[in-house]
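Under this note's numbering, read the sequence shown as residues 139 to 445, first letter to last.
Here a beta-carbon is modelled for each residue, glycine too, at the ideal position from N, C-alpha and C.
Below is one structure, written out as structure tokens, with a few remarks after it.
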Amino acid sequence: HSAMGALLAIADRIPRRVMGMLLGLVAAASFTLLHTSVRYASRELHVFEITFFRYFFALFFMLPSLIGTRFQVLRTRRLHLHLIRCVMLMISMLGLFSALSMSPIAMVTALSFVSPVFASVVAILFLRERSTLSRWLAVAGGIVGMLLIVRPGIIPLSLGPILAICGAIAWAVSIIVIKLMSTTESSTTQVTYMSVIVTPLTFMLAIWVWKWPSLQLLPVLIFMAFIATVGQFAYTKSFMYAEATALMPLDFTRLMWASLIGFLVFDEIPDIWSWIGGTVIFLSAAYITFHESSSRTTGKSAAPSKA
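Spelled out as structure tokens, the structure:
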């Protein structure tokens, strides 16, 4: 614990916004490593199983907080919202992980930037948020970016990008549910419920395609759950230190990491269209973030906790 104390003492000296941005960079790198391990594991295991192991092993990393709080962390009055969020999250992960198993990692990363754009539409339709022309223009920008990456009619439309987009839509719904829950639910409660609910749900799918992972793959699966937990924690914490507008641009580093890892590990030459489309989507999502934070004079935005 002394090492942890020393780290916390150092953290206290770092300016809050800088600390938030450092955490944001850690989160972006962690999620890229998560995607890399999913891609690697998909050579041997079905996506249903990979998703199950990602949450099953994460439970072990959650145990200290569960036992430390004598399971108080599970107290909630909004179980229905946790359930909706977890089902959406599971659909989102299955879409994302399936896409990673069949498409270039940089392309899937570029398409994943579209979630905040879809979340904006969900918020307008279901939360009765203000619908403005500039917001719809940003949504249109996000769709144009997606079309630039997928280029239907120019290149054959494959299943990977479609699944990545479906995953992004489910993720957008999950972001909105998190916004609704953030007033009463702590990030620890949200993250813990995620593993507690999603593990049995994904097991019910995994059982149909079950195959024991090889001993070589086991460390990869444990690392996958560990790095996802680190990313989740860093991402959620980053919003406590810095505002969304400062953190948003850092998420773009994911495309850089994904292109680099795709090239070095999987021999994928980064597609220029993934970069162009990804940039267009990202700018649209960034505009929505800036627009929301400038129009929100009261109340702080919640951190959309990543998977």
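DSSP state of Pro-242, grouped into three classes?
Coil at Pro-242, not helix or strand.
With 16 other CB atoms within 10 Å as the buried threshold, where does Gly-233 fall?
buried
Who are the near neighbours of Tyr-379 in its chain, counting only those whose CB is closer than 6 Å to its CB and skipping five residues on each side?
Arg-154, Met-157, Gly-158
Less than 6 Å between C-beta atoms, sequence neighbours within five positions excluded: which residues of the same chain meet that for Val-255?
Val-277, Gly-280, Ser-422, Ala-423
List, from N- to C-terminal side, the alpha helix (DSSP H) runs of 4 residues or more that fit wholly inside the stretch 381–441.
382–389, 391–404, 410–433
Here's the rule: buried if 16 or more other CB atoms are within 10 angstroms of the residue's CB, otherwise exposed. What is Ala-144?
exposed
Identity of the residues DSSP links to Pro-290 by a beta bridge
Answer is Ile-293, bridged to Pro-290.
Where Thr-436 and Leu-201 are concerned, what is the direct C-alpha to C-alpha distance, given to the nearest angstrom?
Caution applies to Thr-436, whose pLDDT of 43 falls short of 50 and renders its modelled position unreliable; the model cannot decide the point.
Which residues bound the alpha helix (DSSP H) around Pro-202?
185–206
Beta-carbon contacts of Tyr-425 that lie in its chain and below 6 Å, excluding the five residues immediately before and after
Ala-276
In chain order, what residues of the same chain have a beta carbon less than 6 Å from the beta carbon of Ala-237, not counting five sequence neighbours either side?
Val-246, Gly-298, Leu-301, Ala-302
Can you round the beta-carbon distance between Ala-387 and Ser-397 to whole angstroms, since I take them to be within the 8 Å contact cut?
Reading off the sequence shown, one finds Pro at residue 387, where the question assumed Ala. In fact, because the Cβ distance is near 17 Å, the residues do not count as touching under 8 Å.
CA nearest to the CA of Thr-427, picked from Leu-393, Pro-357, Ile-152, Ala-384
The closest CA to that of Thr-427, considering only Leu-393, Pro-357, Ile-152, Ala-384, is found on Ala-384.
Whether Ala-196 touches Ser-333 by CB criterion (8 Å):
yes
Does the stretch 252–269 touch the stretch 346–366, meaning 3 or more C-beta pairs lie closer than 8 Å?
no
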